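Asker: The structure that follows is given in the form of structure tokens.
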Amino acid sequence: SDLGLVIRPDERLTPDAVCELDLLVICGGYRTPLRYNDELSLLLEVAVEQGAALAGIWNGAWFLGRAGQLDGYRCAVHPEHRPAVAEIARLTHVTSEAYVVDRDRLTASSPTGAFYMTLEWIRSLHGKSLTDGIEDILAFEASRFRRIKPMLNLSVSGPLREVINLMDVNLEEPLQMLDLCLYAGRSRRQIERLFKDQLGTSPQRYYMDLRITEARRLLQHTSLSIVEVSVACGFVSPSHFSKCYSAYFGHRPSKEIRLVK
Numbered sequence: 003s004d005l006g007l008v009i010r011p012d013e014r015l016t017p018d019a020v021c022e023l024d025l026l027v028i029c030g031g032y033r034t035p036l037r038y039n040d041e042l043s044l045l046l047e048v049a050v051e052q053g054a055a056l057a058g059i060w061n062g063a064w065f066l067g068r069a070g071q072l073d074g075y076r077c078a079v080h081p082e083h084r085p086a087v088a089e090i091a092r093l094t095h096v097t098s099e100a101y102v103v104d105r106d107r108l109t110a111s112s113p114t115g116a117f118y119m120t121l122e123w124i125r126s127l128h129g130k131s132l133t134d135g136i137e138d139i140l141a142f143e144a145s146r147f148r149r150i151k152p153m154l155n156l157s158v159s160g161p162l163r164e165v166i167n168l169m170d171v172n173l174e175e176p177l178q179m180l181d182l183c184l185y186a187g188r189s190r191r192q193i194e195r196l197f198k199d200q201l202g203t204s205p206q207r208y209y210m211d212l213r214i215t216e217a218r219r220l221l222q223h224t225s226l227s228i229v230e231v232s233v234a235c236g237f238v239s240p241s242h243f244s245k246c247y248s249a250y251f252g253h254r255p256s257k258e259i260r261l262v263k
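Mapped onto the numbering used here, the consecutive letters of the sequence shown carry residue numbers 3 to 263.
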């Protein structure tokens, strides 16, 4: 993984094993090649026949769509792969949302989305009291997964809200300006004008504001290390993170007051 974690399977996933599952999750990722696999499609088909729900994380929706398992469903997928999913799954509504739970199909476009997606699935099976308990145990009242999305508090136009949403669900892997233009379907000049006219800032500055304020909240309200926070907010290195943080708040991340001991 991007954090250096290595998970090796103990055995091969077979149709017999799939029959015992309640949920089968396709975990995609930045380096996951989009290749069709007959064996995987068969496993998905068997899982559905046995009543299991299907889920896809990051670009996992591509594999579900390629197998025809998203026909008639809404889905979420990482912005980089939305055009690819729309092309191979013509009967699927590809959204720009962080996550989508549509009946027995669960998809997420980001780590944060995957967290919310999982909570909603658990809530649908066991009720709100259980998910409230999960959040309490994990001390998420002020954590990254309870972050109030900034665009919800903004009176902005639909096109600008779409760009802000793209930024908001891609803090860990920040999108380049070219990608924002591509996924939002607007030119660089149009996006820059939207930010200048409605928010009085540039898209680059606004994106940095999102990332750096999220970093401060993580430092204050979680026990994550500075390295973990820098990764979670899309900084290329701890030194780059420290430099940006100091320029924004006037002190280094190591000097931030920790509210969670």
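A virtual CB, placed ideally from N, CA and C, is assigned to each residue, including glycine. All of these numbers come straight from a predicted model, not from anything done at the bench.
Suppose you measure from the CA of D18 to the CA of A49; what does that come to, to the nearest Å?
Answerer: Answer to the nearest angstrom: the Cα atoms are 10 Å apart.
Asker: Output the residue ranges of the alpha helix (DSSP H) runs that lie fully inside the stretch 21 to 79 and measure 4 residues or longer, sorted by chain position.
Answerer: As far as the stretch 21 to 79 is concerned, its whole alpha helix (DSSP H) runs of at least 4 residues are 40 to 51 and 62 to 68.
Asker: Answer yes or no: do A100 and Y118 have a C-beta to C-beta separation smaller than 8 Å?
Answerer: Closer than 8 Å, so yes.
Asker: Under three-state DSSP, which class holds D104?
Answerer: It is a strand residue.
Asker: Count the other CB atoms within 10 Å of the CB of Y209; is the residue buried (16 or more) or exposed (fewer)?
Answerer: By the 10 Å Cβ count, Y209 comes out buried.
Asker: Answer with buried or exposed for V231, where buried requires no fewer than 16 other C-beta atoms within 10 angstroms of its C-beta.
Answerer: Buried, since its Cβ has 16 or more Cβ neighbours within 10 Å.
Asker: Would you mind stating whether A186 and L201 have Cβ atoms separated by less than 8 Å?
Answerer: No, they are not a contact pair.
Asker: Can you tell me the Cα-Cα spacing of E258 and A116, whole angstroms?
Answerer: Answer to the nearest angstrom: the Cα atoms are 28 Å apart.
Asker: Out of V158, A86, L25 and G70, state which residue places its alpha-carbon closest to the alpha-carbon of V103.
Answerer: The shortest Cα separation from V103 among V158, A86, L25 and G70 belongs to L25.
Asker: Do you know offhand how far R218's Cα is from F237's?
Answerer: In a straight line, the C-alpha of R218 is about 13 Å away from that of F237.
Asker: Measuring only the C-alpha atoms, how far is T16 from P113?
Answerer: Computed Cα separation, rounded: 27 Å.
Asker: Taking the continuous alpha helix (DSSP H) assigned at H253, which residues delimit it?
Answerer: Per DSSP, H253 belongs to no alpha helix (DSSP H) and is neither H nor E.
Asker: Which parts of the stretch 158 to 245 are runs of the beta strand (DSSP E), unbroken and 3 residues or longer, counting only runs that do not cross its ends?
Answerer: Runs of the beta strand (DSSP E) inside the stretch 158 to 245: none found.
Asker: Determine the contact status of V27 and A63, defining contact as a CB-CB distance below 8 Å.
Answerer: Going by C-beta atoms, V27 is not nearer than 8 Å to A63.
Asker: Between E13 and R107, what straight-line distance do the alpha-carbon atoms span, to the nearest angstrom?
Answerer: Spanning the two alpha carbons is a distance of roughly 25 Å.
Asker: Starting from T97, trace the beta strand (DSSP E) both ways and give me its first and last residue.
Answerer: Segment H95 to T97, the beta strand (DSSP E) holding T97.
Asker: Say whether the stretch 126 to 134 touches the stretch 37 to 57, bearing in mind that this needs 3 or more beta-carbon pairs closer than 8 Å, one atom from each stretch.
Answerer: Not touching, per the Cβ criterion.
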